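I have placed the structure first, in the form of structure tokens, so that the comments after it can refer back to it.
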Amino acid sequence: MTSPPAALEPGARPGAVAWLLLTPLLAWLALFVVVPALLLFGCSLGERDEFGQVLWGFSLENYARLLDPVYLRIFLRSLGFAALTTALCLLIGYPVAYQIARAAPRVRELLLLLVMVPFWTSFLVRTYAWMAILREEGLLNALVAWLHPAWAPLGLLYTPAAVVTGLVYSYLPFLILPVYASVEKLDGALIEAAHDLGAGPWRVFPSVILPLTLPGIAAGVTLVFVPTVAMFAVTDLLGGARVPLIGNVIQNQFLQARDWPFGAALGVALLGLFLISQLLLRALRPHGVIRG
Amino acid sequence: MSARIELQGVGKRYGAVTAVRDVHLTIAAGEFLTLLGPSGCGKTTLLRMIAGFETPTAGRILLGGDDITGVPPHRRPVNQVFQGYALFPHLSVRGNVAFGLRMRGVAPAELGRRVDEALALVALEALGERFPHELSGGQRQRVAVARAVVCQPKVLLLDEPFSALDAKLRQSMRADLQALQRRLGMTFVLVTHDQDEALALSDRIAVVNAGALEQVGPPREIYHRPATAFVADFVGHANLLPAERTGEKVGRVAVRLAGGLELEVPAERWPSGRRDTRAVVRPEQVVLRPWRGEERAAGRARVTAVEFRGDREHLQVALHDGSGLRLTAVHPGGEGDTADFTVGAEVTIEISADNLWFLPGTEARGPR
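So the sequence lines, in the order shown, correspond to chains A and B.
The first sequence maps to residues 4 to 295 in my numbering.
The second sequence maps to residues 14 to 381 in my numbering.
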């Protein structure tokens, strides 16, 4: 007899019905994640001929090329941009998510809708809109020219600042939503208990609110950090060729340089980096059970 | 170290809704006072105003003579045991108990000693490293108590501290809590809707209804001499029978109850100057006898429902006098005599006159 899946204790072994229900997800993961990752890895061990065709083989040469200071610098720069973007998203997004979660139910629904409205438009269109705002004859420069003509025009587009602005804008909702979910679950009585035990408004945050919303923060940070490291569209459009990041390099290897094996090696290295960081995060997880 | 609390004309309005109105109450230092009332009566709002989570819209709150009306909760020498306990899930038992001391900047050596003492007080020394999710309901409650008393508050507030426990455990936790209060000599203010809890634990009970105090007094007084129909009915069960004064003798008043029963009651129990009022007849004061064909009409009734409760039976009887009046009676549930009191049985009721109480007012609720 199989027990209904709903009756399963968390952590129990799934029964036959559960496996059946999981099949679509597992098939999807196998087809679009595991197989491509293996192809990528296999490709990274090969070489290319002069026409850009992949010659399958086994060589670590592509990985040796990764150690070239040029690529290391680009890797580090990408990590730096992603870290800065994540930090800014956290700084802006956490208070926003907190206020939304603590707002009255009707206001909360409206605010959540506003967070999600940008998704209704294509991501590329929104990035082009930023170009319209930032370029020399753009909206922002028109405002500057009107307020303080001596400064105009400011060179805003194709700068690191433009890239970070675009990245923060694009990924902010990915931080707000998980943080919102964990703040919303936070029991108000815990905050009152902290006040009752002598914690003033500034001490409640680090001692109770922050540790209990950590799962939401971890999810949000992952959702922002991982895609921003490899992002190429925003960096291309808002940064031009002046600020190449690892995403642009990989894109170039595949589309312009037609060096698939090297591009694959770059991709595998990036994947390894994420795996290591996730393992580190798991190891650092605190002992107490946090409902998040 | 415990202190007196005075509520002086305290009121709380939310827009057009009045949650609490004009409460005057003095709670003595070291007293165990219970705020008893149905849900939504304002008892929790009163407690939250003492804790500082709500600000009164009228009146003042004094603690040991100092006005604390506008003082935020983290600066009040008052701690609370929350409903559901609100233990911090990310902290161990020790971490929870130490929280208040940390916030007060107590030095590590003293902090360790005081946490040990508090854990010993609730017999949880062995579980200091556990996390809240690894504890039973009773253990969680004890952590919540230890976490609050370790700060040595002048007043300990308890918001329905037994509601999350099962009936058996509730009994023993009640005794523990009372013993703890006696030992600490701390002022305790308990909020509950459970009259058994209130009667068992309190030095005094304040019965709250519709945002106002109905009656404040020791448990026996509340039960035996309720001031209003609400108190009579909410604390224990009460049959409220219309009663009329028909005459007077030395020290006694002749009374006729609805249903035709004639009694002579001690004069001090009848509200002076009233011609009629209502008698508070507790179910245990109603004595049932099988009807044996007597002619006397007064007190004849028929059993309409029997509810078996193990050690006793609750019986509903309907009077025969045409008033349609129904009474609840308690009958000790022996095994032999059940046949006499089955549904439909004819009975006569008697009410012992000496311990009958009469409401001082005739209206549904006493004067505010």
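Every residue gets a Cβ at the ideal spot worked out from N, C-alpha and C, and that includes glycine.
The structure displayed is predicted, hence computed values, not measured ones.
Below 7 Å on C-beta distance, what does residue i contact in chain A?
i, result
"B/Q93", "D199"
"B/F112", "L200"
"B/F66", "E195"
"B/G97", "A192"
So residue i and residue j are supposed to be a Cβ contact under 8 Å. How far apart are they, rounded?
i, j, result
"B/L372", "B/R291", "5 Å"
"A/G266", "A/Q256", "3 Å"
"B/M455", "B/P51", "The requested residue 455 of chain B is not part of the displayed model; chain B covers only 14 to 381."
"A/C92", "A/V271", "The Cβ separation is near 27 Å, so there is no contact."
"A/A106", "A/L114", "6 Å"
"B/G312", "B/T361", "5 Å"
"A/A135", "A/G141", "6 Å"
"B/A271", "B/S336", "6 Å"
"B/V94", "B/D172", "7 Å"
"B/R265", "B/P279", "6 Å"
"A/A192", "B/A32", "Actually they do not touch by this definition, with Cβ atoms about 19 Å apart."
"A/P264", "A/V57", "6 Å"
I'd like to confirm the pairing. Which residues does DSSP put opposite residue i in its beta bridges?
i, result
"B/H344", "B/E326"
"B/F371", "B/A292"
"B/E123", "None; B/E123 has no bridge partner."
"B/I414", "Limits of chain B in this structure are 14 at one end and 381 at the other, which puts residue 414 of chain B out of reach."
"A/V246", "BP columns for A/V246 are empty, so no partner."
"B/L270", "B/A256"
"B/F321", "B/E326"
"B/R302", "B/T361"
"B/R339", "B/A331"
"B/F45", "B/F201"
"A/E50", "A/L58"
"A/A202", "DSSP lists no partner for A/A202."
"B/T355", "For B/T355, which the question treats as bridged, DSSP gives no partner whatsoever."
"B/G286", "Its beta-bridge partners do not exist; DSSP assigns none."
"B/T31", "B/R26"
"B/K262", "B/R265"
"B/D172", "B/V204"
"B/L276", "B/V268"
Given a cut-off of 8 Å on the beta-carbon distance, is the pair residue i and residue j in contact?
i, j, result
"B/L203", "B/P232", "no"
"B/R73", "B/I40", "no"
"B/V110", "B/R160", "yes"
"A/Y174", "A/T130", "no"
"A/S185", "A/T216", "yes"
"B/L253", "B/I364", "no"
"A/V128", "A/P176", "no"
"B/T341", "B/P296", "yes"
"A/A182", "A/I220", "Residue 182 of chain A is actually Val in this sequence, not Ala. For A/V182 and A/I220, yes; Cβs fall inside 8 Å."
"B/H344", "B/L301", "yes"
"B/H8", "A/P209", "Given a span of 14 to 381 for chain B in the structure shown, any question on residue 8 of chain B remains unanswerable."
"B/C54", "B/V158", "no"
"B/F45", "B/Q194", "yes"
"B/H87", "A/G96", "no"
"B/R89", "B/G65", "yes"
"A/P121", "A/E139", "no"
"B/Q385", "B/L214", "In this structure chain B extends from 14 to 381, so residue 385 of chain B is not present and cannot be described."
"A/R109", "A/I103", "no"
"A/G55", "A/R261", "yes"
For residue i, which residues in chain B fall below 7 Å Cβ to Cβ?
i, result
"A/V211", "F101"
"A/R206", "M116"
Output, in chain order, the set of chain B residues within a Cβ distance shorter than 9 Å of residue i.
i, result
"A/L215", "F101, P102, H103"
"A/G203", "P85, H87, R88, M116"
Determine the chain A residues that contact residue i at a beta-carbon separation under 9 Å, and present them in chain order.
i, result
"B/P121", "Going along chain A, no residue has its Cβ under 9 Å from B/P121, so there is no contact; the nearest lies around 17 Å."
Using a Cβ cut-off of 8 Å, pull out every chain A residue sitting near residue i, in sequence order please.
i, result
"B/C164", "L200, G201"
In chain order, what are the residue ranges of uninterrupted beta strand (DSSP E) at least 3 long that sit wholly in the region 81-112 of chain B? Positions of the beta strand (DSSP E) runs, each at least 3 residues long and wholly inside the region 81-112 of chain B, are given as 91-94 in order along the chain.
Which whole runs of the alpha helix (DSSP H) in the region 118-178 of chain A are 4 residues long or more, in chain order? The alpha helix (DSSP H) runs lying completely inside the region 118-178 of chain A and spanning 4 residues or more are 126-137, 142-150, given in chain order.
Can you list, in chain order, the stretches of the alpha helix (DSSP H) that have 4 or more residues and sit fully within the region 179-258 of chain B? If only uninterrupted alpha helix (DSSP H) runs of at least 4 residues are considered, those enclosed by the region 179-258 of chain B are 180-197, 208-214, 232-237, 242-247.
In chain order, what are the residue ranges of uninterrupted alpha helix (DSSP H) at least 4 long that sit wholly in the region 122-167 of chain B? The DSSP assignment places 150-162 as complete runs of the alpha helix (DSSP H) inside the region 122-167 of chain B, in order along the chain (cut-off: 4 residues).
Alpha helix (DSSP H) segments (min. 4 residues) lying fully within the region 60-106 of chain A: Annotation: the region 60-106 of chain A contains the following complete segments of the alpha helix (DSSP H) (minimum length 4 residues), in chain order: 64-69, 72-105.
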